[in-house]
Amino acid sequence: MNQEFLYIILIIAFGYLLKRVNILQEKDGEVISKIIFKITLPALVLVTFDSVKIETSLFLLPVIVLVFGIVSAILGLLFYKNEERELKGSLMMLSSGFNVGLFAFPLVYAIWGMDGLTYFSMFDVGASFIVFGISYILGSYFSEEGLNLNPIEILKKLGKSIPLMTYMIASILNFCHVKLPDLIINLATTISGANIPLSLLLLGLFLNFKFDKQFIKPMVKFLTFRYGLGLSVGLVLYYLLPYDIMLRTTILIGLLLPVPASALTYAVEFKYSNDSTRFVATMSNITIVISIIILYIFANFIL
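Residue 686 in this note's numbering is what sits at position 243 of the sequence shown, and the numbering runs on without skipping anything.
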């Protein structure tokens with residue numbers, strides 16, 4: 444297990460090195476992220492759901508994640524009620540959702556293999572609804588221009604999410620015991636092989652260890668809220684739910700994953716200030732490092 448984690452850290456470090464020596468730049472990461480979310484990740488989902496049997500209990504995962512996202516948003520509004528409007532919007536976008544497909548999949552595969560990916564894929568279904576729904580609404584509401592959305596626009600955004608639609612279709616096919624042709628699965632298997640190295644390289648490209656001192660107070664407040672709530676709810680569900688260990692572990696670890704990568708995209712889309720955008724990017728980097736440590740501890744000392 445330590446060897447797998449070493450390879451993961453080395454690939455992330457390689458991505459960071461490529462940026463430092465100007466072979467690649469962060470703007471190149473935008474292209475890589477599109478390849479991941481629109482091609483390699485959907486291919487991995489098809490392969491994963493085609494090769495395993497999805498138990499009925501797994502459909503509980505997206506429900507739990509969605510409920511947690513709603514509760515987290517409500518508590519966040521109370522926890523951050525005294526913050527300035529734009530900072531509150533940044534904190535709410537960061538508090539809603541998880542970075543599953545880009546961050547978790549490579550590490551989950553190293554620890555649990557394809558079975559682990561199945562559980563976290565179902566977790567990501569719920570996370571996708573939070574990211575493209577709740578997080579998007581909150582980010583827009585607290586922007587300078589204010590909320591300008593309607594339910595139809597939210598549904599359109601969900602429908603345009605290729606990973607989410609792939610999750611939904613693959614889940615239905617699996618549940619109905621419908622197998623895709625071997626040609627499609629073999630092609631998807633080849634394409635999906637690029638998902639893990641590309642995801643890790645992308646994490647390295649976006650890593651940045653610089654942050655402004657003005658971020659320290661809201662940073663500590665955010666980390667306390669996010670990881671405190673995630674750990675508390677995760678532990679309660681881990682010990683109370685009457686389901687298999689992998690499902691309960693997925694919930695516990697899933698609620699401690701990094702902030703969604705979309706938060707930075709939304710900050711730019713809603714014309715947040717440069718300070719707010721840098722804060723969102725900083726928190727993304729910090730939560731990635733924290734979550735890597737958490738997964739390493741779980742893999743080597745707890746599980």
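Note that CB positions come from ideal geometry on N, CA and C, so glycine has one too. Since this is a predicted model, take the numbers as computed values, not measurements.
Taking every protein chain shown into account, the CB of K524 has fewer than 16 other CB atoms within 10 angstroms, so this residue is exposed. Taking the CA atoms as reference points, T499 sits about 45 Å from D718. Ranking N465, G556 and V508 by CA distance to the CA of A742 puts G556 first. The closest CA to that of N465, considering only L648, E447 and V676, is found on L648. Around the beta carbon of S727, 16 or more other beta carbons lie within 10 angstroms, which makes this residue buried. Residue environment: G458 is assigned as buried (16 or more neighbouring CB atoms within 10 Å of its CB, all protein chains considered).
Across the set L501, F575 and I729, the C-alpha of L501 shows the shortest separation from the C-alpha of D687.
8 Å or more divides the Cβ of F548 from the Cβ of N617. Non-local C-beta neighbours of G677 in its own chain, meaning closer than 7 Å and more than five positions away in sequence, comprise I694, L695, L698 and L699, ordered along the chain.
In this structure, the beta-carbon distance from T491 to L641 does not fall below 8 Å.
For the options L545, Y584 and T633, the alpha carbon positioned closest to that of I735 is the one of L545. Here the C-alpha atom of F668 lies approximately 22 Å from the C-alpha atom of Y739. D558 counts as exposed, since fewer than 16 other beta carbons sit within 10 angstroms of its beta carbon. Scanning its chain for C-beta atoms nearer than 7 Å, with the 5 sequence neighbours on each side dropped, one finds around G673 the residues L698 and L699, in chain order. Sorting F665, G569, V551 and S571 by C-alpha distance to the C-alpha of I451 places V551 at the top.
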